[in-house]
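Participant: Chains as they are written, first to last, in this note's numbering: chain A, 20 to 134; chain B, 596 to 706. Note that the Cβ used here is the ideal one computed from N, Cα and C, for glycine as well. Below: one structure in structure tokens.
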Amino acid sequence: EAGVAQSPRYKIIEKRQSVAFWCNPISGHATLYWYQQILGQGPKLLIQFQNNGVVDDSQLPKDRFSAERLKGVDSTLKIQPAKLEDSAVYLCASSFPRAASYEQYFGPGTRLTVT
Amino acid sequence: AQSVTQPDIHITVSEGASLELRCNYSYGATPYLFWYVQSPGQGLQLLLKYFSGDTLVQGIKGFEAEFKRSQSSFNLRKPSVHWSDAAEYFCAVDNNNDMRFGAGTRLTVKP
């Protein structure tokens, strides 16, 4: 089966610009996650969707970050405006139901550099 | 505060030697426990997980981990490391659907 797809793989922008990342989860996976992984740190959950509804966005900086999952499939994560500290790898993951007993499958990530 | 600690930032072992990567957590109850591996430019891949039952769990690629409740630890082991095991390893805990990752341990394998 196809894995989690993400694009672009790399993005370089200047601070104060906006950027968007796209994620296509594994077919049939109802739960979708966006993580931020800063260099030298473990991934940090930004937002979690169940189908097209938000389950948890407590760690999403809502003044600049937004995410949507229209039709409960693909998802986009947007940053507007970007700051230097947003430089990180943004990982998307999906799982079948929303439960720890089911494995999260990760995409390859989008590496964002903000200059 | 709830946390996941991987005390070793970087470990170097010789090929064929044994490996142990440490992980400690601080949560009120026993959470679900995971080990993931991340190769350069790749996403995270699940090595193994613990929910309940036998405290020694087997995973893929010859890895195993042991849950020790008294020490709040979930250390990852492999009896003989291969050069292809060089990667970043992350311990993670899921407490009531709140997944937290450790900072990771980078493994270098010497020939």
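Counting only the same chain and skipping the five closest in sequence on each side, list residues whose C-beta sits under 6 Å from that of A:F40.
Facilitator: Here residue 40 of chain A refers to the residue found at position 21 of the first sequence. Close CB contacts of A:F40 within its chain, under the 6 Å cut and outside five residues either way in sequence, are with L96, Y109, T129 (chain order).
Participant: With DSSP as the reference, please indicate the residues paired to A:W53 in a beta bridge.
Facilitator: Reading the first sequence from its first residue, position 34 is the one you call residue 53 of chain A. A:I66, A:C111.
Participant: Could you run through the segment 67 to 95 of chain A and flag, in chain order, every residue whose CB is less than 7 Å away from some CB of chain B?
Facilitator: none
Participant: For A:S37, which residues in the same chain have their Cβ closer than 8 Å to its Cβ, ignoring the five residues on either side in sequence?
Facilitator: The sequence position of residue 37 of chain A within the first sequence is 18, counting from 1. Contacts found: K97, I98, Q99, P100, A101.
Participant: Per DSSP, which one or two residues make a beta bridge with A:N43?
Facilitator: Within the first sequence, residue 43 of chain A is the residue found at index 24, counting from 1. Secondary-structure assignment with DSSP links A:N43 through a beta bridge to A:A24.
Participant: Relative to the C-alpha of B:K656, which candidate in B:T703, B:F669, B:A681, B:S668 has its C-alpha closest?
Facilitator: Along the second sequence, one-based indexing puts residue 656 of chain B at 61. When only C-alpha atoms are compared, the closest one is B:A681.
Participant: Could you work out which residue in A:K30, A:V92, A:Q25, A:Y54 is closest to A:S46 when comparing CA atoms only?
Facilitator: Locating residue 46 of chain A in the first sequence gives position 27, counting from the first residue. Checking every option, the nearest Cα to that of A:S46 belongs to A:V92.
Participant: Which residues in chain A sit within 7 Å of B:L641, going by Cβ to Cβ distance?
Facilitator: The residue you call residue 641 of chain B lines up with position 46 of the second sequence. Within 7 Å Cβ-Cβ: E122.
Participant: Going by CA-CA distance only, name the one from B:F658, B:D649, B:L628, B:N619 that's closest to B:N690.
Facilitator: Locating residue 690 of chain B in the second sequence gives position 95, counting from the first residue. B:N690 has its Cα closest to that of B:L628, out of B:F658, B:D649, B:L628, B:N619.
Participant: Evaluate contact between the segment 598 to 616 of chain B and the segment 663 to 676 of chain B, counting only Cβ atoms and requiring at least three cross-stretch pairs below 8 Å.
Facilitator: The answer is yes - the segment 663 to 676 of chain B touches the segment 598 to 616 of chain B, with three or more Cβ pairs under 8 Å.
Participant: According to DSSP, is B:I604 part of a helix, a strand, or is it coil?
Facilitator: Locating residue 604 of chain B in the second sequence gives position 9, where the first residue counts as 1. Reduced to three states, the DSSP call for B:I604 is coil.
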